[in-house]
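Undergrad:
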Amino acid sequence: MEFEFDLVVVGAGSGGLAAAKRAASYGAKVAIIEVNKIGGTCVIRGCVPKKLMVYAANNRKNMNSSEGYGLIAKEIAFNSNVLMNNVREEVSRLSALHANSLKKLNIKVFEGLGRFLNQNTLEVVCPKTKNILRKVSAKKVLISVGGKPKKLNIPGTELAWSSDDIFELKYFPKKLLIIGGGYIACEFASIFKNLGTEVTQLIRGKKLLNGFDEDLSDCLEKSMTSIGIDLKFKNQLKSIKKLNGDLESTLESGGKFLTNNILIATGREPALKRLNLDKVDLKMDGVYLQVNELNQTSNSNIFAIGDIIKKPNLTPVAIEQGRVFADNYFAERQRKVNYKNIPKAVFTIPEISTVGLSEEEAKEIHSKENIKIFKCSFTPMSNTFKKNKSKCMMKLVVNKKNDKILGCHMFGETASEIIQMVSVSLNVGITKKDFDTTMALHPTISEEFVTMYG
Ligand code: NDP
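If you count by our numbering, then the sequence shown holds residues 1 to 454, one letter each, in order.
Laid out in C-alpha cells, this is it:
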C-alpha cells in the first residue's frame, strides 16, 4: 500500500521535533501535526520560559543583597510586564527557529488536532470549528503529544491557575497561594517570592520534593523559610471561591485565607484524550501508553515517546527517545535509551541538583551497613559579603563494598551545571578513590566534591 509519508509525528514538542528532524535527516518523508505553537511544553510553557523567569528572580536577589560588595542600589523596581513580554518574545523566536529548521528539512507541518482514523491514517482537525482540514497517511506514526497539568477535583478548581497560565501573565499578584510540593510548586514559589510576591505553599505531605534525597528537601525547606515563603505542611485545599475580586481558600484543616491568585501544581498527566485512541486500540500502562524498550506500542506501526509513557518526564529524555526511535527505524542503528543516572534539577534559588541514588534509596537497595555518606555544608564564597548567607550542601553516597559512587547531590548555586558533569563520571562507574585522586580547582564550589574525607 502507498502512503503519503514514511512517518507522521503527532506533537511538535522537544521529543517529536527531535524524532522528525532525525528521521528526515536519513531521507525519510516526514509530516508533523501540532495544534499549538511549535516547541511543546518545554519551549512554550515549561523549562525555557521558566528558566528566564528564574534569571530575573536571581538577578533581583543579587541586586538586593550586594551592598557588602559596595554595590548600593536604591529600591529596585520590578516591571513584570516587561519581563513577561520579553519571555513571550523569546519563546516565539525559538518556536520560529524550530519551524524554520523543519522547513529546511522538508518536513511538512499540519496545524490542527491529530486524530486517529486507523493505524496508518490520521485526520487533522481545526480545534475551534472541528472541521476536518485534511487526512494524513504514513507507514509509521509517532505519538509525542506530551502532558497537561492535573486539575484538583474540588469546588472552585477552575478559578485557580495551572503553570500554563503563568506564562500569559502581565502583572504579578501581590499574594499567591501555591498548591503542591513538587518541581513546579517549588520553582514558582521561589521565582514569585524573589520577585516580590507574598507566597504561601500548601503541601499535603511533611516534606518538599518527595523522592529526592531528604537532605536536599531539608536544605530547600530552610532556605525557602528563610526568605519568607510560608510553607504549610500536612494540609490540603478543600475549596476555592471568589470573594471581592480575590480568592478565598478553605483548607481541610478548617482554616480560610485570602490571596489574589492560586496556582495548582499537583502533577501532570498524559494528554491522550483528543487522539481517538479507540480507533487503534493501544494497550495502556495506567494513564500512560504501554511501550516496549524500542518505544513501540501494542500496535507495531505506532510508537510513543515523552510524557505519555511511564519514564522520567524530562525534556532530554524525550529528545533522546525521539532520536533513538529515528535511528532504529530509519537508519537501522539498533540503539537503546540509557535511563541510568539521569541528572535532575529543581531550579529554585539556590537550586537543587542530583544524580543517582538518594541516601534513602541506596540504604534500601544495598542495605544500610554497606553505604557510606560524605557530606559538607558551607557558605559559598560568593555569599561572603551578602546579608543572606545561604549555605551550600554537597553529598556523596558511596557503596562501601566496591567504593562506587551511587549518588551525588547538591543544594547551592550552579548545582545543575556541576551535577551535569558529575553524571558523566557516574555513568562510567567512578569510585570515591577516583574523586579523591582528582586535583581540586581552587577556589570553586565544585572542588568540595573531590576533597571530602570521612
Ligand atoms: P510533581 O510530581 O513534581 O509534584 C506534584 C506535587 O503535588 C507533589 O508535592 C504531590 O504530593 C502534590 N499532589 C499531588 N496530588 C495532590 C493532591 N490531590 N492534593 C494535594 N497535593 C497533591 O509534579 P509537578 O506538577 O510539580 O511537575 C510535573 C512534572 O514535570 C515533574 O514530575 C517533572 O517530571 C516535570 N518538571 C520538571 C522540571 C525540571 O526538570 N526542573 C520542572 C517542572 C516540571 P506528594 O509528593 O505527596 O505526591
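Glycine included, every Cβ here is placed at the ideal spot set by N, Cα and C.
Being a predicted model, the structure only gives us computed values, none of them experimental.
Compute the minimum distance between the beta carbon of Ile229 and the heavy atoms of the ligand NDP, and state whether it is under 7 Å.
TA: The answer is no for Ile229.
Undergrad: Could you please give the first and the last residue of the uninterrupted alpha helix (DSSP H) stretch that includes Glu187?
TA: Start and end: Tyr183 to Asn194.
Undergrad: Sorted by chain position, which residues of the same chain lie with C-beta nearer than 6 Å to Arg22's C-beta, five sequence neighbours on each side aside?
TA: So the list reads Arg323 and Ala326, once near-sequence residues are dropped.
Undergrad: Whole angstroms are fine: how far does the CA of Val141 sit from the CA of Gln296?
TA: About 10 Å.
Undergrad: Relative to the C-alpha of Leu102, which residue among Asn210, Gly39, Ser377 and Ile305 is closest?
TA: Taking only the C-alpha atoms, the option nearest Leu102 is Gly39.
Undergrad: Are the beta-carbon atoms of Ile191 and Met53 separated by less than 8 Å?
TA: It is a contact, given that the beta carbons lie within the stated cut-off.
Undergrad: Let me know the alpha helix (DSSP H) ranges lying completely inside the stretch 115 to 177, each 4 residues or longer, listed in chain order.
TA: Counting only runs of 4 or more, we get 163 to 166.
Undergrad: In the DSSP output, which residue or residues are listed as bridge partners for Thr200?
TA: Answer is Leu177 and Asp230, bridged to Thr200.
Undergrad: Can you pull every residue whose C-beta falls closer than 5 Å to some heavy atom of the ligand NDP, listed in chain order?
TA: Output, sorted by chain position: Gly180, Gly181, Gly182, Tyr183, Ile184, Arg204, Gly205, Asn210, Ala265, Thr266, Gly267, Arg268 and Asn313.
Undergrad: Just curious, the beta strand (DSSP E) that Asp281 is in, first and last residue?
TA: Premise fails: Asp281 is in no beta strand (DSSP E) and is neither H nor E.
Undergrad: Using the Cα positions of Val30 and Lys108, report the straight-line distance between them to the nearest angstrom.
TA: Rounded to whole angstroms, Val30 to Lys108 spans 7 Å at the Cα level.
Undergrad: What's the C-alpha gap between Val199 and Thr348?
TA: In a straight line, the C-alpha of Val199 is about 14 Å away from that of Thr348.
Undergrad: Just to confirm the assignment, what range does the beta strand (DSSP E) spanning Lys375 have?
TA: Segment Ile371 to Phe378, the beta strand (DSSP E) holding Lys375.
Undergrad: Quickly, what does DSSP pair Pro270 with across the bridge? List them, please.
TA: For Pro270, which the question treats as bridged, DSSP gives the partners Gly147.
Undergrad: Take Thr315 as the anchor and find which of Pro343, Ser298, Glu293 and Arg333 has the nearest alpha-carbon.
TA: For the residues Pro343, Ser298, Glu293 and Arg333, the minimum Cα distance to Thr315 belongs to Pro343.
Undergrad: If we count Cβ pairs, one from each stretch, closer than 8 Å, do we get three or more for the stretch 378 to 392 versus the stretch 58 to 72?
TA: Touching, yes.
Undergrad: Go through its chain and collect everything with a Cβ distance to Glu123's Cβ below 7 Å, but skip five positions before and after it.
TA: Excluding positions up to five away in sequence, the list reads Arg115, Leu117, Ile132 and Lys135.
Undergrad: Would you verify that the beta carbon of Leu177 is, or is not, closer than 8 Å to some beta carbon of chain C?
TA: Of the chains in the structure shown, none is chain C; there is only one protein chain.
Undergrad: By the three-class DSSP mapping on this structure, what secondary structure does Met452 have?
TA: Note: Met452 maps to coil in three-state DSSP.
Undergrad: Taking DSSP as the reference, what is the three-state secondary structure of Gln296?
TA: DSSP places Gln296 in strand when its eight states are reduced to three.
Undergrad: For the stretch 436 to 443 and the stretch 400 to 419, state whether three or more C-beta atom pairs, one from each stretch, are separated by less than 8 Å.
TA: With a cut-off of 8 Å, the stretch 400 to 419 and the stretch 436 to 443 do not count as touching, because too few Cβ pairs lie within range.
Undergrad: Could you have a look at Gly412 and say whether DSSP puts it in helix, strand or coil?
TA: Residue state, collapsed to three classes: coil.
Undergrad: Taking the alpha carbon of Gly454 as the point to measure from, which residue in Lys395, Lys50 and Ser446 has its own alpha carbon closest?
TA: Answer by Cα proximity: Lys395.
Undergrad: If you draw a straight line from the alpha carbon of Met224 to that of Ile166, how long is it in whole angstroms?
TA: Cα to Cα, Met224 sits roughly 20 Å from Ile166.
Undergrad: What number of angstroms, rounded off, separates the C-alpha of His366 from the C-alpha of Gly181?
TA: C-alpha separation (whole angstroms): 28 Å.
Undergrad: Give a yes or no on contact between the stretch 253 to 262 and the stretch 297 to 305, applying the rule of three or more CB pairs nearer than 8 Å.
TA: They do not touch, by the three-pair rule.
Undergrad: According to the Cβ coordinates, are Leu195 and Ala96 closer than 8 Å?
TA: No, they are not a contact pair.
Undergrad: In terms of residues, what are the limits of the beta strand (DSSP E) holding Ile264?
TA: Residues Asn261 to Ile264.
Undergrad: Report the residue from Asn370, Thr41, Met393 and Lys372 whose alpha carbon sits nearest the alpha carbon of Asp378.
TA: The sequence shown places Phe at residue 378, rather than the Asp named in the question. Taking only the C-alpha atoms, the option nearest Phe378 is Met393.
Undergrad: Which residue marks the beginning of the alpha helix (DSSP H) containing Gly27, and which one marks its end?
TA: Careful: Gly27 lies outside any alpha helix (DSSP H) and carries neither H nor E.
Undergrad: Going by the beta-carbon positions, is the gap between Ile308 and Leu289 smaller than 8 Å?
TA: Closer than 8 Å, so yes.
Undergrad: How close, in whole Å, do the beta carbons of Ile240 and Thr129 come, if the pair is a contact with beta carbons under 8 Å?
TA: About 33 Å separates the two Cβ atoms, so there is no contact after all.
Undergrad: Given this structure, state the Cα-to-Cα distance separating Ser162 from Asn261, to the nearest angstrom.
TA: The straight-line gap from Cα to Cα measures roughly 11 Å.
Undergrad: Tell me the DSSP bridge mates of Ala304?
TA: Paired residues: Ile143.
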